[in-house]
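Chain order of the listed sequences is V and Y.
With the working numbering, letter number 170 in the first sequence gets 172, and the count goes up by one each step, no holes.
With the working numbering, letter number 290 in the second sequence gets 492, and the count goes up by one each step, no holes.
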Amino acid sequence: MKRTLLTGAAALAAAALTLTACSGDADGGSNGGDGGGDASAVDTITLAGWSLSTTPEFQVLADAYQEQNPDITVELKEYDATEYDTQMIADLAAGSAPDMYVLKNLKNFFTYQDGDQLLDLSEVASGVSDEVTGMDAYTVDGATYAIPYRQDAWYLYYNKDLFDEAGIEYPDGSWTWDDYAATAEELTTALADSGSDALGTYQHSWQSTLQGFANAQVPDADLLSGEWEYLVPFYERVVALQDAGAQMDFGAVTTNSVTYQAQFGTQEAAMMPMGSWYVATLLAQQESGDADEFNWGFAPAPQVDSSTTDMPVTFADPTGIGINPAVDADTAAAAQDFLAFVASEDAAAALAEIGITPAITSDAVTETYFSIDGIPTDETSQFAFSTHEVLPENPVAAETAALQNILNDAHSAILAGTVSPADGIAEAMDRAQSEVLG
Amino acid sequence: MATTAVDVAAAPTPPPRRNSRRLTLRRTFIGWTFILPNFIGFAVLTLTPVVILFYLAFTSWNAFGQANWIGLENFQRLITDGTFHTALANTAYYAVMHIPLTLAASLGLALLLNHKMRGIAFFRTVAFFPYITSIVAIAVVWNMLFSPDSGPINQFLMALGIDNPPGWTTSATWSMPSIVLVSVWREMGYYMLLFLAGLQAIPRELYEAARVDGAHAIQRFWNVTVPSLRPTTFFVTVILTIQSFKILDLILVMTDGGPGTSTLVLAQYIYRKGFEENDFGYASAVAVVLFFICLALTVVQFLLNKRREV
Numbered sequence: 003m004k005r006t007l008l009t010g011a012a013a014l015a016a017a018a019l020t021l022t023a024c025s026g027d028a029d030g031g032s033n034g035g036d037g038g039g040d041a042s043a044v045d046t047i048t049l050a051g052w053s054l055s056t057t058p059e060f061q062v063l064a065d066a067y068q069e070q071n072p073d074i075t076v077e078l079k080e081y082d083a084t085e086y087d088t089q090m091i092a093d094l095a096a097g098s099a100p101d102m103y104v105l106k107n108l109k110n111f112f113t114y115q116d117g118d119q120l121l122d123l124s125e126v127a128s129g130v131s132d133e134v135t136g137m138d139a140y141t142v143d144g145a146t147y148a149i150p151y152r153q154d155a156w157y158l159y160y161n162k163d164l165f166d167e168a169g170i171e172y173p174d175g176s177w178t179w180d181d182y183a184a185t186a187e188e189l190t191t192a193l194a195d196s197g198s199d200a201l202g203t204y205q206h207s208w209q210s211t212l213q214g215f216a217n218a219q220v221p222d223a224d225l226l227s228g229e230w231e232y233l234v235p236f237y238e239r240v241v242a243l244q245d246a247g248a249q250m251d252f253g254a255v256t257t258n259s260v261t262y263q264a265q266f267g268t269q270e271a272a273m274m275p276m277g278s279w280y281v282a283t284l285l286a287q288q289e290s291g292d293a294d295e296f297n298w299g300f301a302p303a304p305q306v307d308s309s310t311t312d313m314p315v316t317f318a319d320p321t322g323i324g325i326n327p328a329v330d331a332d333t334a335a336a337a338q339d340f341l342a343f344v345a346s347e348d349a350a351a352a353l354a355e356i357g358i359t360p361a362i363t364s365d366a367v368t369e370t371y372f373s374i375d376g377i378p379t380d381e382t383s384q385f386a387f388s389t390h391e392v393l394p395e396n397p398v399a400a401e402t403a404a405l406q407n408i409l410n411d412a413h414s415a416i417l418a419g420t421v422s423p424a425d426g427i428a429e430a431m432d433r434a435q436s437e438v439l440g
Numbered sequence: 203m204a205t206t207a208v209d210v211a212a213a214p215t216p217p218p219r220r221n222s223r224r225l226t227l228r229r230t231f232i233g234w235t236f237i238l239p240n241f242i243g244f245a246v247l248t249l250t251p252v253v254i255l256f257y258l259a260f261t262s263w264n265a266f267g268q269a270n271w272i273g274l275e276n277f278q279r280l281i282t283d284g285t286f287h288t289a290l291a292n293t294a295y296y297a298v299m300h301i302p303l304t305l306a307a308s309l310g311l312a313l314l315l316n317h318k319m320r321g322i323a324f325f326r327t328v329a330f331f332p333y334i335t336s337i338v339a340i341a342v343v344w345n346m347l348f349s350p351d352s353g354p355i356n357q358f359l360m361a362l363g364i365d366n367p368p369g370w371t372t373s374a375t376w377s378m379p380s381i382v383l384v385s386v387w388r389e390m391g392y393y394m395l396l397f398l399a400g401l402q403a404i405p406r407e408l409y410e411a412a413r414v415d416g417a418h419a420i421q422r423f424w425n426v427t428v429p430s431l432r433p434t435t436f437f438v439t440v441i442l443t444i445q446s447f448k449i450l451d452l453i454l455v456m457t458d459g460g461p462g463t464s465t466l467v468l469a470q471y472i473y474r475k476g477f478e479e480n481d482f483g484y485a486s487a488v489a490v491v492l493f494f495i496c497l498a499l500t501v502v503q504f505l506l507n508k509r510r511e512v
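In structure tokens, the structure reads:
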């Protein structure tokens with residue numbers, strides 16, 4: 003009996019291993035990359051998206067494309083927003099992924115590209131307008147693997163009413179981080195004097211709100227080097243703001259599950275550094291009543307020093323679409339045609355209409371964007387939208403995710419006050435050396 | 203006479219033997235048909251992944267393509283991995299606090315609610331309620347209660363005159379005890395139910411005999427209740443130990459392993475390495491270590507229990 007059981011287990015193990023080996027072989031092959039497919043032979047192509055009811059951008063792209071190409075339907079396949087990459091990796095490995103998928107998080111682009119899960123799109127990329135930003139992030143060894151349709155940027159949002167109440171001048175686009183911190187403290191005091199309990203600023207608990215800016219703005223900052231002293235002043239500034247009561251405590255934010263939308267939308271904070279996607283959210287929430295009615299605007303993100311205020315440096319990852327290499331040649335041709343459209347000015351205008359920052363910000367797109375009902379049209383907001391240098395939040399590499407996790411531990415430890423900024427960063431650097439880089 | 207007897211005895215013997223073999227076969231077949239649907243599920247959803255996990259622990263694999271065989275490299279990496287050591291220590295810390303506390307709390311509750319009185323079903327339901335509540339809801343609500351400035355717990359402590367109450371989940375020292383507190387509160391109702399079943403199976407006569415012998419309540423508890431509950435206690439301890447070493451969900455929602463790495467446990471480390479960093483080979487190696495820890499502890503518990511029984 004024992005022997006039978008053992009033999010059975012061994013057979014099962016062998017079968018399992020053979021199965022994994024088989025799927026390994028299948029993954030290596032790609033049918034669509036050869037080109038020469040006939041796009042007109044296909045009537046439907048599928049695209050992955052997430053939270054389709056609250057994220058209209060995929061449907062907007064699909065509809066705009068279909069208007070120009072009535073013979074082809076772009077069908078959306080919905081994924082879970084938070085588990086998007088896990089589900090996509092599983093579907094790709096199982097061979098059941100859609101024809102095209104969005105690269106939701108740039109930090110995972112490496113996994114897909116290195117795992118041969120993206121078709122080489124260099125040909126499409128060469129035909130795309132030079133104005134499309136974010137293409138470099140998807141280019142490895144001269145070959146492009148995804149076409150960006152959206153390029154966010156981080157701004158400084160501010161509540162004009164609260165600034166007026168405090169009698170303080172609006173941000174004018176020339177601010178450094180020290181100016182920002184000083185104003186946050188001034189605002190808190192002035193607002194308290196006038197009877198308001200709003201704080202000067204709100205920085206959400208994400209590591210991006212600090213590390214993203216530092217990685218983009220500090221000259222020679224290199225996440226992959228594991229030398230992270232440049233983060234220390236950024237942390238010292240925020241810890242000081244917390245201590246002064248000008249910014250909500252990290253502990254209060256995490257334990258009370260505070261959302262940034264509620265914090266700025268219900269006028270609990272006069273300023274907030276946040277990504278450009280929040281413009282559309284705030285407009286929608288003011289419309290629906292989830293946010294208060296108040297005057298607001300957005301300014302360029304504060305800079306490390308005044309040398310970059312003419313062309314403010316900010317960060318945000320591009321969002322691109324790639325093609326599943328398992329598709330046949332005809333579908334690949336149709337999908338490539340769709341991606342060429344996605345990077346066009348027509349697609350950009352369609353996205354701008356719903357408040358999404360497209361990968362092209364030409365004059366026409368800017369005009370469409372600022373014609374949205376309720377959007378702030380002041381000069382500083384327009385300048386922030388059209389003039390900036392956007393750098394990716396993180397470099398694309400095998401080590402990025404592991405280093406980011408180490409930095410996230412340091413982030414929570416420092417902001418919760420369990421360790422000083424200098425010690426927390428030093429500890430993170432040691433961990434990076436011994437666990438990832440060493 | 204004798205030959206007839208032999209003939210009578212010998213002639214009918216072969217048919218029953220064949221029959222009994224057929225009967226055994228039939229019974230085995232029927233047995234298998236009952237087990238098979240469940241066993242297929244187990245084999246496909248549990249056994250196969252476990253076997254693959256053991257294979258992956260010796261490879262480097264990023265979910266796509268072939269896994270590369272790298273021998274013991276993952277395990278060598280574990281030896282020098284400081285974060286793995288932290289996660290291991292945190293997991294042990296959690297288990298050491300969680301197991302005895304839950305045992306004591308659930309046994310206490312069971313003793314308390316083992317009386318015949320009005321409204322007992324209500325109190326039992328109340329005690330069991332946290333166990334059936336969504337873990338995310340529990341985590342969110344407790345996080346708010348623990349909030350350092352505005353949370354009711356610290357407000358209460360400050361009203362009592364404690365000027366510097368703990369930061370609970372935002373303090374590296376208090377984060378793990380806070381989580382243990384919530385998980386004991388959540389699970390005690392479930393284990394209480396098991397203890398209640400055990401308590402009700404103890405024959406009344408034993409207590410009566412003890413009473414006749416002049417044993418007071420504490421003596422009756424130590425000399426009748428505790429020994430009679432041994433099978434239940436053993437079962438609860440084994441399950442609690444395995445559960446404690448596998449803790450993930452509550453920590454993920456309450457602290458996400460923080461602040462820093464103060465509540466990072468092995469299961470979350472496996473999740474991080476696998477699903478966040480796509481290092482599935484290394485994550486599998488950590489999972490194998492966790493598997494052997496659970497296995498070793500369970501074997502030790504069985505041996506101890508056996509010795510006590512002897």
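Backbone N, C-alpha and C fix where the C-beta goes; we use that ideal spot for every residue, glycine too.
Please read these numbers as outputs of a predicted model, since none were measured by experiment.
Euclidean distance between Cα positions of residue i and residue j
{"i": "V438/V", "j": "W344/Y", "result": "35 Å"}
{"i": "G363/Y", "j": "T375/Y", "result": "21 Å"}
{"i": "F494/Y", "j": "L305/Y", "result": "23 Å"}
{"i": "T283/V", "j": "F358/Y", "result": "38 Å"}
{"i": "W179/V", "j": "L212/V", "result": "11 Å"}
{"i": "V130/V", "j": "T316/V", "result": "24 Å"}
{"i": "D27/V", "j": "N264/Y", "result": "Caution is warranted here: a pLDDT of 37 is assigned to D27/V, below 50, making its placement in the model unreliable, and no coordinate value can be reported."}
{"i": "A351/V", "j": "L201/V", "result": "37 Å"}
{"i": "V255/V", "j": "H206/V", "result": "8 Å"}
{"i": "V382/Y", "j": "S336/Y", "result": "17 Å"}
{"i": "L405/V", "j": "E231/V", "result": "14 Å"}
{"i": "Y237/V", "j": "A50/V", "result": "37 Å"}
{"i": "D425/V", "j": "A291/Y", "result": "22 Å"}
{"i": "V329/V", "j": "G38/V", "result": "13 Å"}
Top-ranked residue by Cα proximity to residue i, from the options
{"i": "N410/V", "options": "G462/Y, S486/Y, E479/Y", "result": "G462/Y"}
{"i": "S352/Y", "options": "T257/V, L108/V, T84/V, T261/V", "result": "T257/V"}
{"i": "T57/V", "options": "G202/V, Y280/V, A186/V", "result": "Y280/V"}
{"i": "P378/V", "options": "I358/V, A404/V, L285/V", "result": "L285/V"}
{"i": "G228/V", "options": "P235/V, F236/V, Y237/V, N217/V", "result": "N217/V"}
{"i": "M137/V", "options": "G376/V, A337/V, D319/V, Q288/V", "result": "D319/V"}
{"i": "A41/V", "options": "P72/V, M274/V, L63/V, A412/V", "result": "P72/V"}
{"i": "S373/Y", "options": "I374/V, A418/V, R433/V", "result": "A418/V"}
{"i": "V488/Y", "options": "Y257/Y, M394/Y, Y295/Y", "result": "Y257/Y"}
{"i": "P367/Y", "options": "F348/Y, S464/Y, A289/Y", "result": "F348/Y"}
{"i": "T190/V", "options": "E270/V, S128/V, D332/V, Q338/V", "result": "E270/V"}
{"i": "V344/V", "options": "A127/V, Y114/V, D82/V", "result": "A127/V"}
{"i": "G376/V", "options": "P394/V, F296/V, A139/V, Y160/V", "result": "F296/V"}
{"i": "P173/V", "options": "Q305/V, S309/V, A366/V, I408/V", "result": "Q305/V"}
Backbone secondary structure at residue i - three-state DSSP
{"i": "Y147/V", "result": "coil"}
{"i": "W263/Y", "result": "coil"}
{"i": "G400/Y", "result": "helix"}
{"i": "A17/V", "result": "Low local confidence applies: a pLDDT of 43 at A17/V is under 50, so the model's placement there is unreliable, and no value is given."}
{"i": "N356/Y", "result": "helix"}
{"i": "I74/V", "result": "coil"}
{"i": "M319/Y", "result": "coil"}
{"i": "G51/V", "result": "strand"}
Beta-carbon separation (whole angstroms), residue i vs residue j, contact threshold 8 Å
{"i": "Y86/V", "j": "W52/V", "result": "5 Å"}
{"i": "L105/V", "j": "F112/V", "result": "At roughly 10 Å, the Cβ-Cβ gap does not stay under 8 Å, so L105/V and F112/V are not in contact."}
{"i": "S414/V", "j": "G460/Y", "result": "4 Å"}
{"i": "G169/V", "j": "P350/Y", "result": "Wrong, their Cβ atoms sit about 33 Å apart, outside the cutoff."}
{"i": "V76/V", "j": "F340/V", "result": "6 Å"}
{"i": "T368/V", "j": "E355/V", "result": "With a Cβ gap of about 12 Å, T368/V and E355/V do not count as contacting."}
Item to check | Stretch pair the segment 320-328 of chain V + the segment 147-158 of chain V: three plus CB contacts closer than 8 Å | outcome: They touch, by the three-pair rule.
Checklist entry - Can we say the segment 110-129 of chain V touches the segment 164-179 of chain V, given the rule of at least three CB pairs closer than 8 Å? => result Contact fails: fewer than three Cβ-Cβ distances are below 8 Å.
Checklist entry - Are at least three pairs of beta-carbons, each pair with one atom in the segment 440-451 of chain Y and one in the segment 414-421 of chain Y, less than 8 Å apart? => result As far as the Cβ criterion goes, the segment 440-451 of chain Y does not touch the segment 414-421 of chain Y, which means the pair count is below three.
Checklist entry - Between the segment 275-292 of chain Y and the segment 464-472 of chain Y, do three or more beta carbon pairs fall short of 8 Å? => result Yes: the two stretches touch, three or more of their Cβ pairs being nearer than 8 Å.
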